[in-house]
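Engineer: Provided herewith is a single structure, encoded as structure tokens, for subsequent inquiry.
2 protein chains.
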Amino acid sequence: MALTPTGKLERDGEERAFLARYKAGDYARPAVAVDLVVLTVVDAELRVLLIKRDEHPFKGKWALPGGFVRVGDGQKDQGEDLDAAATRELEEETGLDRKWVYLEQLYTFGRAHRDPRMRVITVAYFALVRPDLVPMVRAGGDAAMADWFLMRNLGKVSLAFDHEEIVRAALRRVAGKLEYSDVAFSLVPLTFTVPELRAVHEIVTGEKQDPGNFRRRFNRMLESGVIEKAPGKRITASKPATVYRFGRSR
Amino acid sequence: MALTPTGKLERDGEERAFLARYKAGDYARPAVAVDLVVLTVVDAELRVLLIKRDEHPFKGKWALPGGFVRVGDGQKDQGEDLDAAATRELEEETGLDRKWVYLEQLYTFGRAHRDPRMRVITVAYFALVRPDLVPMVRAGGDAAMADWFLMRNLGKVSLAFDHEEIVRAALRRVAGKLEYSDVAFSLVPLTFTVPELRAVHEIVTGEKQDPGNFRRRFNRMLESGVIEKAPGKRITASKPATVYRFGRSR
DNA sequence: CCAATAGTGTCTTTTAGACAATATACG
DNA sequence: CGTATATTGTCTAAAAGACACTATTGG
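Protein chains in written order, with my numbering: chain A, 5 to 254; chain B, 5 to 254.
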């Protein structure tokens with residue numbers, strides 16, 4: 005073994021040699037998937053995008069869009085990042101550009117036997133889609149059929165795998181984030197009114213919001229510059245509402 | 005194909021047949037690990053448990069305790085749940101019983117090339133250990149060496165893999181949870197004083213807490229029964245402090 | 001007695017919540 | 001005009017933050 009001035013270089017060389025020699029053991033490995041809980045609010049209803057399975061297992065049942073993470077087959081090619089896999093699935097299965105959608109890792113579900121075929125660990129993500137983008141959604145090629153299900157009907161559907169549990173976890177997370185973050189903005193069009201934003205809160209949390217009190221919270225966001233007035237008014241059944249948009253700073 | 009009265013039974017039979025015939029494709033699969041960010045607060049310092057690697061890659065560097073998830077090799081044997089893997093690693097690498105430790109899934113890290121050997125996706129968990137349990141911790145058999153590192157020295161250490169990123173994510177999560185949850189109780193002994201609990205908050209969040217205001221928050225927990233008075237006083241350098249413990253309801 | 005810190009009290013500001021009152025459309 | 005609802009206003013209560021004050025110990 006050659007003498008080196010630092011010892012560190014030597015260690016690096018040693019590690020390089022180790023890696024060159026390294027052969028992955030043939031231990032059993034799980035399949036790893038990403039599944040997406042794609043949510044939107046249209047016509048005052050919270051909906052989740054589901055895809056009808058056309059293959060076993062759970063053939064004919066509704067399931068979350070998703071797929072296996074692409075893993076390369078060596079040290080050089082290790083495949084795609086998890087976020088990239090989620091983004092790819094989103095774009096493949098909905099045609100929606102990542103850029104217009106809020107996407108966040110939710111939780112990893114890996115119970116044994118959650119998939120009867122084999123051990124599958126799924127990294128679940130949730131995506132929030134603005135209602136004006138919903139018409140752009142087209143089911144991807146590998147989906148026999150896609151549909152936006154009413155969240156309040158979830159109990160009646162019997163989803164594939166543990167996907168109902170995943171959907172409920174996503175809902176809890178989104179409802180929680182409404183309180184302290186800006187996620188609600190990902191569920192309204194680029195311009196919106198106070199009542200529209202309030203409706204999103206009510207629909208996601210399932211609880212009525214006092215219009216006056218909600219307006220006060222909204223005003224604080226206005227003052228802080230998160231939101232700014234937009235031109236125009238929204239015509240409604242009664243008094244028209246002022247239209248707002250997110251501030252430039254965002 | 006036999007006629008069946010419901011069609012559902014038929015579908016189940018079909019699926020059973022599918023599963024019996026099913027052969028897992030030999031697609032590349034990632035290795036899946038669980039890594040643990042084990043945190044404690046001793047002597048007014050936040051510390052994280054690290055283990056010195058005695059194998060390549062990153063031989064000689066410090067890393068989070070963890071290991072590969074045990075995956076069975078078929079439909080029947082699918083191995084252990086993720087939480088079980090985390091619990092097992094905790095017990096193996098620290099000797100601590102799951103029962104006495106707060107354990108929660110943190111986030112899943114799966115960047116390509118985060119491990120130079122092969123594609124490894126790690127489901128990170130964090131664990132909170134009461135200071136009085138720290139002396140019980142003994143490094144597991146497969147660890148050459150374990151040590152509790154000062155969190156504030158993390159920048160100087162250069163951890164293996166992306167483990168520094170994981171530790172920082174855990175810290176953010178714990179600091180966030182202090183605000184609205186009971187996790188702080190997992191970082192003090194079974195009985196504790198108000199200043200001790202306050203110190204945990206200050207150490208984890210890195211921000212001073214006003215003693216008076218903190219005491220008021222504490223009093224609210226007292227009234228709600230989350231906490232109750234315990235016998236004895238804690239002798240300090242000055243005026244002794246009253247000792248409390250968690251309420252029976254917990 | 002004195003230094004240190006546990007524990008209390010006070011005052012201000014912010015935020016939430018309940019709810020009344022007003023304003024302004026559309027039909 | 002009248003109904004609906006956006007918007008403003010008022011009042012109360014809870015909670016946070018700043019900070020002064022008191023109490024009780026060990027040294």
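For each residue, glycine too, the CB sits at the ideal point set by N, CA and C.
1) In three-state DSSP terms, what is B/Phe-222?
2) Give the interface partners of B/Val-127 over in chain A, defined as CB-CB distance under 8 angstroms, in chain order.
3) What number of angstroms, rounded off, separates the C-alpha of A/His-117 from the C-alpha of B/Gln-82?
4) Chain B beta carbons: is any one of them nearer than 8 angstroms to that of A/Val-36?
5) Taking only three categories from DSSP, how would you classify A/Arg-121?
6) Among B/Gln-109, B/Val-105, B/Pro-120, which has the Cα closest to the Cα of B/Val-141?
7) Using only alpha-carbon positions, find the residue among A/Ser-185, A/Tyr-184, A/Ala-203 that is nearest to A/Pro-193.
8) Note down, in chain order, each residue of its chain lying with its Cβ closer than 8 angstroms to the Cβ of B/Val-178, except the 5 sequence neighbours on either side.
9) Rounded to the nearest angstrom, what separates A/Lys-103 and A/Arg-74 at their Cα positions?
10) Could you have a look at A/Glu-59 and say whether DSSP puts it in helix, strand or coil?
11) For a test of the three-state rule: what should DSSP assign to B/Phe-153, helix, strand or coil?
12) Could you give the residue range of the beta strand (DSSP E) that holds A/Asp-39?
13) Is there contact here, the segment 223–236 of chain A with the segment 147–164 of chain A, by at least three beta-carbon pairs under 8 angstroms?
14) Whose CA, out of A/Tyr-111, A/Val-41, A/Ile-125, lies closest to the CA of A/Ile-1?
15) Among B/Asp-119, B/Arg-172, B/Ala-174, whose alpha-carbon lies nearest the alpha-carbon of A/Arg-20?
16) Going by CA-CA distance only, name the one from A/Asp-47, A/Gly-76, A/Glu-84, A/Glu-97 that's closest to A/Met-149.
17) Where A/Glu-305 and A/Gly-71 are concerned, what is the direct C-alpha to C-alpha distance, given to the nearest angstrom?
18) To the nearest angstrom, report how far apart B/Pro-34 and B/Leu-100 are at their CA atoms.
19) Taking a contact to mean a Cβ-Cβ separation below 8 angstroms, would you say A/Val-52 touches A/Val-127 in this structure?
20) In three-state terms, what does DSSP make of A/Arg-254?
21) Threshold first: 4 residues or longer. Then list the alpha helix (DSSP H) segments lying entirely within the segment 46–118 of chain B, N to C.
22) Excluding the 5 residues flanking B/Gln-213 on each side, which residues of the same chain have their C-beta closer than 8 angstroms to its C-beta?
23) Label A/Ala-241 either buried or exposed according to how many other C-beta atoms from any shown protein chain fall within 10 Å of its C-beta, with 16 as the threshold for buried.
24) So which residues of chain B does A/Gly-76 contact, with C-beta pairs closer than 8 angstroms?
25) Which residue marks the beginning of the alpha helix (DSSP H) containing A/Ala-203, and which one marks its end?
26) Quick one, which residues of the segment 61–88 of chain B are near chain A if we go by CB-CB under 8 angstroms, in chain order?
27) Leaving out the 5 sequence neighbours to the left and right, which residues in its chain are closer than 8 angstroms to A/Pro-244 when beta-carbon positions are compared?
28) What does A/Glu-19 reach in chain B if we use C-beta pairs closer than 7 angstroms?
29) Using the beta-carbon of each residue, which ones in chain A are nearer than 7 angstroms to B/Gln-213?
30) Kindly indicate which residue of A/Arg-123, A/Ala-89, A/Tyr-26, A/Phe-62 has the alpha-carbon position closest to the one of B/Gly-114.
31) Helix, strand or coil, according to DSSP, for A/Tyr-248 in the structure here?
32) What residues in its chain sit with their C-beta under 7 angstroms from that of B/Leu-182, if we drop five residues either side in the sequence?
33) Listing by chain order, which chain B residues have their CB less than 9 angstroms from the CB of A/Leu-175?
34) Can you tell me the Cα-Cα spacing of B/Pro-139 and B/Leu-68, whole angstroms?
35) What residue range does the beta strand (DSSP E) around B/Arg-238 cover?
36) Between B/Pro-235 and chain A, is there a C-beta pair that is closer than 8 angstroms?
Structural biologist: Concretely, from the data shown:
1) What you label residue 222 of chain B is simply residue 218 of the second sequence in a count that begins at 1. Helix, per DSSP.
2) As a first step, residue 127 of chain B is located in the second sequence; it is residue number 123 there, counting from the start. Near B/Val-127 (Cβ distances below 8 angstroms), the residues of chain A are Thr-112, Gly-114, Ile-125.
3) Residue numbering aside, residue 117 of chain A sits at position 113 when the first sequence is read from its first letter. Residue numbering aside, residue 82 of chain B sits at position 78 when the second sequence is read from its first letter. A direct Cα-Cα distance of roughly 6 angstroms separates A/His-117 from B/Gln-82.
4) Along the first sequence, read from residue 1 onward, the residue named residue 36 of chain A stands at position 32. With 8 angstroms as the cut-off, A/Val-36 counts as an interface residue toward chain B.
5) Here residue 121 of chain A is taken as the residue at index 117 of the first sequence, counted from 1. Three-state result, A/Arg-121: coil.
6) Here residue 141 of chain B corresponds to residue number 137 of the second sequence, with the count starting at 1. It is B/Val-105 whose Cα lies nearest to the Cα of B/Val-141.
7) Counting from 1 along the first sequence, the entry for residue 193 of chain A is found at position 189. Out of A/Ser-185, A/Tyr-184, A/Ala-203, A/Ala-203 has the C-alpha closest to the C-alpha of A/Pro-193.
8) As a position in the second sequence, residue 178 of chain B is number 174, starting the count at 1. Closer than 8 angstroms at the Cβ level, and outside the excluded window around B/Val-178, lie Leu-43, Phe-130, Leu-132, Val-187, Val-208.
9) Here the question's residue 103 of chain A lines up with position 99 in the first sequence. Here the question's residue 74 of chain A lines up with position 70 in the first sequence. Answer to the nearest angstrom: the Cα atoms are 21 angstroms apart.
10) By one-based count along the first sequence, residue 59 of chain A stands at place 55. Secondary structure at A/Glu-59: coil, using DSSP grouped into helix, strand and coil.
11) Here residue 153 of chain B refers to the residue found at position 149 of the second sequence. DSSP, reduced to helix, strand and coil, places B/Phe-153 within a strand of the structure shown.
12) Start at 1 with the first residue of the first sequence, and residue 39 of chain A comes out as number 35. Start and end: 35–46.
13) At 8 angstroms Cβ cutoff, the stretches do not touch.
14) Only positions 5 to 254 of chain A appear in the structure, and residue 1 of chain A is not among them; the question remains open.
15) Within the first sequence, numbered from 1, the residue matching residue 20 of chain A stands at position 16. Closest by alpha carbon: B/Asp-119.
16) In the first sequence, residue 149 of chain A corresponds to position 145, counting from 1. Of the candidates A/Asp-47, A/Gly-76, A/Glu-84, A/Glu-97, the residue whose Cα lies closest to the Cα of A/Met-149 is A/Glu-97.
17) Residue 305 of chain A lies beyond the residue range present for chain A, which begins at 5 and ends at 254; the question has no answer from this structure.
18) The residue you call residue 34 of chain B lines up with position 30 of the second sequence. The residue you call residue 100 of chain B lines up with position 96 of the second sequence. So the alpha carbons of these two residues sit roughly 29 angstroms apart.
19) For this step, residue 52 of chain A is matched to residue 48 along the first sequence. For this step, residue 127 of chain A is matched to residue 123 along the first sequence. No, the Cβ-Cβ distance between A/Val-52 and A/Val-127 is not below 8 angstroms.
20) By one-based count along the first sequence, residue 254 of chain A stands at place 250. For A/Arg-254, the pLDDT reaches just 46, beneath the cut-off of 50, and the residue's location in the model is therefore unreliable, leaving the point undetermined.
21) Taken in chain order, the complete alpha helix (DSSP H) segments of 4 or more residues contained in the segment 46–118 of chain B are 86–98.
22) As a first step, residue 213 of chain B must be located in the second sequence, where it is residue number 209. The residues are Arg-202, His-205, Glu-206.
23) For the purposes of this step, residue 241 of chain A is identified with residue 237 of the first sequence, where counting begins at 1. Result: exposed.
24) Indexing the first sequence from 1 puts residue 76 of chain A at position 72. Within chain B, the residues whose beta carbon sits less than 8 angstroms from that of A/Gly-76 are Ala-32, Ala-116, Arg-123, listed in sequence order.
25) As a first step, residue 203 of chain A must be located in the first sequence, where it is residue number 199. Counting along the chain, the alpha helix (DSSP H) containing A/Ala-203 begins and ends at 198–209.
26) Under the 8 angstroms Cβ criterion, the segment 61–88 of chain B contributes Pro-61, Phe-62, Lys-63, Gly-64, Phe-72, Val-73, Val-75, Gly-76, Asp-77, Gly-78, Gln-79, Gln-82, Gly-83, Glu-84, Asp-85, Leu-86.
27) What you label residue 244 of chain A is simply residue 240 of the first sequence in a count that begins at 1. Around A/Pro-244: Lys-237, Arg-238.
28) The residue given as residue 19 of chain A occupies position 15 in the first sequence. Scanning chain B for C-beta atoms nearer than 7 angstroms to the C-beta of A/Glu-19 yields His-60, Pro-61, Lys-63, reported in chain order.
29) Counting from 1 along the second sequence, the entry for residue 213 of chain B is found at position 209. Correct list: empty, because the minimum Cβ distance to chain A is about 20 angstroms.
30) For the purposes of this step, residue 114 of chain B is taken as the residue at position 110 of the second sequence. Among A/Arg-123, A/Ala-89, A/Tyr-26, A/Phe-62, the Cα nearest to that of B/Gly-114 is on A/Ala-89.
31) Locating residue 248 of chain A in the first sequence gives position 244, where the first residue counts as 1. Here A/Tyr-248 sits in strand by DSSP.
32) In the second sequence, residue 182 of chain B corresponds to position 178, counting from 1. The beta carbon of B/Leu-182 is closer than 7 angstroms to those of Ala-188, His-205, Val-208, Thr-209 in its chain, skipping five residues each way along the sequence.
33) For the purposes of this step, residue 175 of chain A is taken as residue 171 along the first sequence, with counting starting at 1. Within chain B, no residue comes near A/Leu-175; the closest Cβ sits about 18 angstroms away, beyond 9 angstroms.
34) The count along the second sequence starts at 1 and reaches residue 139 of chain B at position 135. The count along the second sequence starts at 1 and reaches residue 68 of chain B at position 64. Taking the straight line joining both Cα atoms gives about 19 angstroms.
35) Here the question's residue 238 of chain B lines up with position 234 in the second sequence. First-last of the beta strand (DSSP E) with B/Arg-238: 231–238.
36) Against the second sequence, residue 235 of chain B aligns to sequence position 231. Residue-level contact by beta carbon fails for B/Pro-235 and chain A, as no gap is shorter than 8 angstroms.
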